[in-house]
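Since the structure comes first, as structure tokens, the remarks are kept for the end.
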Amino acid sequence: MTMSATVPLASRDDLSLAYTPGVARVCEAIAEDEALYPDYTWTSNTVAVVTDGSAVLGLGNIGPKAAMPVMEGKSVLFKQFGGVDSIPICLATQDVEQIVAAVTAMAPSFGGINLEDISAPRCFEIERRLDAALDIPVFHDDQHGTAVVTLAALRNAATLLGRAFADLRVVISGAGAAGVAITKTLIAAGVHGANVIVCDSRGIIHADRAGLGPIKAELAATTNFSGRAGGIAEALIGADVLVGVSGGSIPEEALAGMAPGAIIFALANPTPEVPPALAHRYAAVVATGRSDFPNQINNVLAFPGIFRGALDVRATTITAAMKVAAADAIASIVADDLRPEAIVPSPLDPRVAPAVAAAVAEAAIRDGVARRTAAAAPAEAPQPV
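Start counting at 1 in the sequence shown, then tack on 24, and there's your number in the numbering used here.
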């Protein structure tokens, strides 16, 4: 990864335009009218990729320096698939107050903030507070990128199997960043909360369970209306869908209780909660987070296009409707050629990011969070794959 100039610097005239005295005129114009800021700076196409190194991939809390290669890789993906410039920023603090203060202070340098690999439950408060404080999109990809692609895959799996999406009985194994976001996104997209059960390391989350924190209490209030209790085996009785985002493993006897022709998304990396060979004994459609199995649920299908669309219309935030629109766009790419082993497009499919960007931009305009129309935005074309 590198940075390069977009104008030549070969003569005195070039220097006077790109730097002094040319920049002074731009500074004066922005000082008089801050609305010109994104027109004349890189902020209209630049995102900060921010981490504290507390939950990096499956490696855990390895710290900011060890996290840098992942943030650099994320920046490469932003550019390759969305034409979005980004800067990896690894913070030497895991204190919520310090993270919020640092990102808020640096926000004028960027058009969006992509939070990455920050552990739960701190990630929820950090994103919420930054989203409220800033007038640019704030997006925690471990939550929402995973949720968007999961929604796209589940829509297509339901269509392929002739199931009514709203009536799916869904079990989500894991109540961390991804599990919470997937739950909220599926409900926002139309799955009945009554038919959703979320499990954590202590078992099923339900309203009568003691010791629930604020996030899990909210889950208990919006899911599992029948109050089912027990562990993962009890949760899976009659379930149509299992979404694993917890790590660990789910025993075969628990899978045996699922409804016939089920859907299993075992998304833990590098070791899925259910090995694909075992999952296929009980499920008609199987997905993982790995690239060496069919149906990879990969965040790269979502975040480049989501930010591309948000930046193009200068959105102030990323709404639930924008996330659902992104999922629908991803699903549509393969809608005419659905197969059990192809319910989502390849991460290398060049159609994905432009389709997602267009859908997100339109949703932002509908939701009233866009400051310009997509037609007016000089979107940079993604680099060819």
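We put the beta carbon where it would ideally sit given N, CA and C, even for glycine.
_For I330, the three-state DSSP class (helix, strand or coil)_ = As a working mapping, residue 330 is identified with position 306 in the sequence shown. Residue state, collapsed to three classes: helix.
*asked:* Assuming the contact rule is C-beta atoms closer than 8 Å, T340 and I160 should be a hit. Round their C-beta distance to whole Å, please.
replied: By 1-based counting over the sequence shown, the position of residue 340 is 316. By 1-based counting over the sequence shown, the position of residue 160 is 136. That pair is a contact at about 7 Å.
*Is there at least one non-hydrogen atom of the ligand MN closer than 7 Å to the beta-carbon of A156?*
As for the ligand MN, it is missing from this structure, which has no ligand bound.
*Return the first residue and the last residue of the alpha helix (DSSP H) that P93 is part of.*
The residue given as residue 93 occupies position 69 in the sequence shown. It spans G87 to G106 - the alpha helix (DSSP H) in which P93 sits, taken as one unbroken run.
*With a CB to CB cut of under 8 Å and the five nearest residues on each side skipped, what residues in its chain are close to P408?*
Here residue 408 is taken as the residue at index 384 of the sequence shown, counted from 1. Interpretation of P408 is limited by its pLDDT of 39, a score under 50 that renders its predicted location unreliable; the figure taken from the coordinates is listed afterwards. Cβ neighbours of P408 beyond the five flanking positions: P374.
_Endpoints, the beta strand (DSSP E) within which S110 is located_ = Taking the sequence shown and counting its residues from 1, the one referred to as residue 110 is at position 86. Unbroken beta strand (DSSP E) run through S110: D109 to C114.
*From this set, D141, T70 and L139, which residue's C-alpha is nearest S12's C-alpha?*
Shown here, the chain extends from 25 to 409; a query on residue 12 therefore has no answer.
_Is it buried or exposed, Q21, if we count other Cβ atoms within 10 angstroms and call 16 or more buried?_
Residue 21 falls outside the range modelled here, since the chain spans only 25 to 409, and no answer is possible.
*Using DSSP with H/G/I as helix, E/B as strand and the rest coil, what is N69?*
For the purposes of this step, residue 69 is taken as residue 45 along the sequence shown, with counting starting at 1. Helix, per DSSP.
*Figure out for me which residue from D361, R390, A345 and H164 has the closest Cα to the Cα of F327.*
Your numbering for residue 327 matches position 303 in the sequence shown. For the residues D361, R390, A345 and H164, the minimum Cα distance to F327 belongs to H164.
*Euclidean distance between Cα positions of L362 and A55*: As a working note, residue 362 is residue 338 in the sequence shown. As a working note, residue 55 is residue 31 in the sequence shown. The alpha-carbon atoms of L362 and A55 are separated by roughly 53 Å.
_Which of the three DSSP states is assigned to H168 in this structure?_
As a first step, residue 168 must be located in the sequence shown, where it is residue number 144. DSSP places H168 in helix when its eight states are reduced to three.
*Spatial neighbours of G217 within its chain, please: CB distance less than 6 Å, with the 5 preceding and 5 following residues excluded, ordered by chain position.*
Taking the sequence shown and counting its residues from 1, the one referred to as residue 217 is at position 193. For G217, where only same-chain residues beyond five positions count, the Cβ hits under 6 Å are I211, T246 and T247.
*Using the rule of at least 16 other Cβ atoms within 10 Å of the residue's Cβ for burial, across every protein chain shown, is L33 buried or exposed?*
Counting from one through the sequence shown, the residue named residue 33 turns up at place 9. It counts as exposed.
*Flag this pair as yes or no: are the beta carbons of S78 and D166 separated by less than 8 Å?*
Within the sequence shown, the letter at position 54 stands for residue 78. Within the sequence shown, the letter at position 142 stands for residue 166. No, they are not a contact pair.
*What did DSSP end up calling F452 once you bin it into helix, strand or coil?*
There is no way to answer for residue 452, as the model of the chain reaches only from 25 to 409.
*Identify the continuous alpha helix (DSSP H) that holds L39 and give its terminal residues.*
Position 15 of the sequence shown, counted from the start, is the residue given in the question as residue 39. First-last of the alpha helix (DSSP H) with L39: R36 to A42.
*Are at least three pairs of beta-carbons, each pair with one atom in the stretch 314-324 and one in the stretch 129-144, less than 8 Å apart?*
no
*Measure how close the beta-carbons of L260 and A231 come, nearest whole angstrom, since I'm counting them as under 8 Å.*
For the purposes of this step, residue 260 is taken as residue 236 along the sequence shown, with counting starting at 1. For the purposes of this step, residue 231 is taken as residue 207 along the sequence shown, with counting starting at 1. Actually they do not touch by this definition, with Cβ atoms about 20 Å apart.
*Which residues share a DSSP beta bridge with V194?*
Within the sequence shown, residue 194 is the residue found at index 170, counting from 1. DSSP, once it has assigned bridges, lists V220 and V265 as partnering V194.
*Please go through the same chain and pick out, in chain order, the residues whose beta-carbon is closer than 8 Å to the beta-carbon of A126, but skip the five residues on each side of it.*
Taking the first residue of the sequence shown as 1, we reach residue 126 at position 102. Same-chain partners within the cutoff: L115 and T117.
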